[in-house]
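Note sheet for the following structure.
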Amino acid sequence: MIANFLFFLILFFILGAFSFYLKEFVILSLIIFSFLLLNKINFKFLIIFISFFVIGFFYANFYTKIFLNDIDDSIIIERELSPTENYRRYLVSYKNDKYFLYTPIYLNLHPKTKLNGDFEVLENKIFLKNIKNIEKSIYEPIFILKDKINYLIRKNYSLNSSEIISGILYGEEIKNRELRNYFKETGLLHITAMSGYNLTVLTNITYLTLVALGLSSITIKLFSVIFILLFVILTGFQSSVIRAGIMTIALILAKLVGRIPLTRNILLSTLFLITLFSPSALLEDLGFQLSFLATIGIVYLGSFFEKILKSRIIAETISAQIMVLPLIWYKFGEFNLFSFLNNILLAPFIPFLMLLGFIALIIVFLYPFNQILNIPFEIFFKIISILSKMPKIYIPIPFVLTLIIYLYLAYFIYKINKDERIDFNFVIN
808 MIANFLFFLI LFFILGAFSF YLKEFVILSL IIFSFLLLNK INFKFLIIFI SFFVIGFFYA
868 NFYTKIFLND IDDSIIIERE LSPTENYRRY LVSYKNDKYF LYTPIYLNLH PKTKLNGDFE
928 VLENKIFLKN IKNIEKSIYE PIFILKDKIN YLIRKNYSLN SSEIISGILY GEEIKNRELR
988 NYFKETGLLH ITAMSGYNLT VLTNITYLTL VALGLSSITI KLFSVIFILL FVILTGFQSS
1048 VIRAGIMTIA LILAKLVGRI PLTRNILLST LFLITLFSPS ALLEDLGFQL SFLATIGIVY
1108 LGSFFEKILK SRIIAETISA QIMVLPLIWY KFGEFNLFSF LNNILLAPFI PFLMLLGFIA
1168 LIIVFLYPFN QILNIPFEIF FKIISILSKM PKIYIPIPFV LTLIIYLYLA YFIYKINKDE
1228 RIDFNFVIN
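In the numbering used here, the protein residues as written are 808 to 1236.
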């Protein structure tokens, strides 16, 4: 009873915070309020929930005005993007906004590096003229190690293989324009994004590998958490990956508990903590959005598809895809029928490619045996190059339609997870 009451308090606080940034969340909140009324909610509890919705709204307003007013004049590197012919490109933060920084080819910068100097701002682009100061981050040795790993991959594997391996394993930007275009045209670019989808699949591979070694359940989960922490470090403590890591660790804790209602509370509590420290995170951070939705899909749809497909890792991969695809379509503004089919067709093979990518890292020095691993990645390249030439059938996807899709998915999850039915005894007259 108390757990359900706290569930709705946290839920409406989060919805209130999100509504400050995106007014469409008010519609979702009204739908949930209506659902509670249909369940004969006591009026005093409804007032309490509305109060927490308002508190969440004003908390987001307070956070934005107080914590985001401390504007740093430094340019902060977030990640490197694919270069142009004459410039290196970086995604950067400057005065609490995002820009594309263009620097000379010879200047190699890593995430978290701070720049001060003379530069020209043109719309969303910054052109560096003169550097006065470069303040490297404490994570610089990690980024140097990552550069060396990328160098070894590029040196020992084909161009296509190396780009795919680094992309699907740790979200490295695909710099080969032809390959990047193939991923984009087939609707598969998201699998190379720095998001929780990659982290969730990689954690699953680690988990199943440790199970095959016969380790105890607690030991497996401990090693999985250590793996997540190492992954977060390797990717440079990017905020999206940190949040994805938190969600994935929450998923591991949920599986350790084993009870679905407690799983729900663990995931919502995790979202609540992230909202407290960064109210706009779920709305502005696509990587975290994909992480959260992928986690929901694995928790609530995984067992349903596993009964049908008889394969846990394929079931969880498809479950994650089902939850993330509507958001991806909305972000691109349209739905491509063939990109949907491409995702359904190739999604089961992504974990297999990630596993091969891991093996490729391990045997990177074992020439010529490592060259065998070029074969599956080159085959994958050929497949997506063919699929990219399929006709495009685009259907616009507005926010309202996206909301309807997720409401239906929520209803479907509600129906197939009987143990998840929320007890409304605490609110019935």
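Note that CB positions come from ideal geometry on N, CA and C, so glycine has one too.
Nearest neighbour of Ile1212, chosen from Val1131, Phe1184 and Lys851 [CA to CA]: Val1131
Neighbour-count burial assignment, Ala1073, 16 or more Cβ in a 10 Å radius: Reading off the sequence, residue 1073 comes out as Ile, not Ala. Ile1073 comes out buried.
For Tyr897 and Glu887, the rounded distance between their alpha carbons: 4 Å
Residue environment, Ile1235, which counts as buried when at least 16 other CB atoms sit within 10 Å: Its pLDDT being 35, under 50, Ile1235 is placed unreliably in this model, and the value from its coordinates should be taken loosely. By the 10 Å Cβ count, Ile1235 comes out exposed.
Nearest-angstrom Cα separation, counted from Asn811 out to Phe1231: Any reading at Phe1231 must be qualified, since the residue scores a pLDDT of 44, below 50, and its modelled position is unreliable; the value itself is stated next. Their backbone Cα atoms lie some 8 Å apart in a straight line.
Between the CA atoms of Glu927 and Leu1160 - distance to the nearest angstrom: 42 Å
Range covered by the beta strand (DSSP E) that runs through Phe926: Lys921 to Leu929
For Asn915, the three-state DSSP class (helix, strand or coil): coil
DSSP-derived helix/strand/coil call for Pro948: helix
Span of the beta strand (DSSP E) around Asn937: Lys932 to Glu942
Ordered list of alpha helix (DSSP H) runs contained in the stretch 968-1013, each at least 4 residues: 984-992
The stretch 965-974 / the stretch 923-943 touching (three or more Cβ pairs under 8 Å): no
The stretch 982-995 contacting the stretch 1170-1181, beta-carbon criterion three pairs below 8 Å: no
Beta carbon proximity, Ser1146 to chain B, threshold 7 Å: The displayed structure is made up of one protein chain only, and chain B is not part of it.
Under 7 Å between C-beta atoms of Ile1223 and Phe1111: yes
Spatially closest choice to Leu1168 from Lys955, Leu1210 and Ile1135, by CA coordinates: Lys955
Spatial distance of Ser1085 from Phe869 (CA atoms): 12 Å
Per-residue burial, Pro787 [other beta carbons within 10 Å of its own, 16 or more giving buried]: In this structure the chain extends from 808 to 1236, so residue 787 is not present and cannot be described.
Inter-residue spacing [alpha-carbon to alpha-carbon] between Phe850 and Ser858: 12 Å
Leu908 beta carbon less than 7 Å from that of Val1171: no
Element boundaries [beta strand (DSSP E), containing Ile1211]: First-last for Ile1211: Phe1206 to Ile1223, but that is the alpha helix (DSSP H), not the beta strand (DSSP E).
Contacts around Leu1006, its chain only, beta-carbon distance under 8 Å, and the 5 residues preceding and following it disregarded: Ile1035, Phe1038, Val1048, Ala1051, Gly1052, Thr1055 and Ser1098
For Tyr964, the three-state DSSP class (helix, strand or coil): coil
7 Å Cβ cutoff met for Tyr828 and Ser1087: yes
One or two residues paired with Asn1143 in a DSSP bridge: Tyr1201
For Lys1114, the three-state DSSP class (helix, strand or coil): helix
N-terminal and C-terminal residue of the beta strand (DSSP E) that Ile882 is part of: Ile882 to Leu888
Integer-rounded CB distance, given that Ile998 should sit under 8 Å from Leu1108: Not really, about 18 Å apart at Cβ, beyond 8 Å.
Check whether Gly924 and Ile912 have beta carbons under 7 Å apart: no
Burial state of Ile1129 (16 or more Cβ within 10 Å): buried
Straight-line Cα distance separating Ile855 from Pro1198: 52 Å
Thr920 burial status per 10 Å Cβ neighbour count (16 or more: buried): buried
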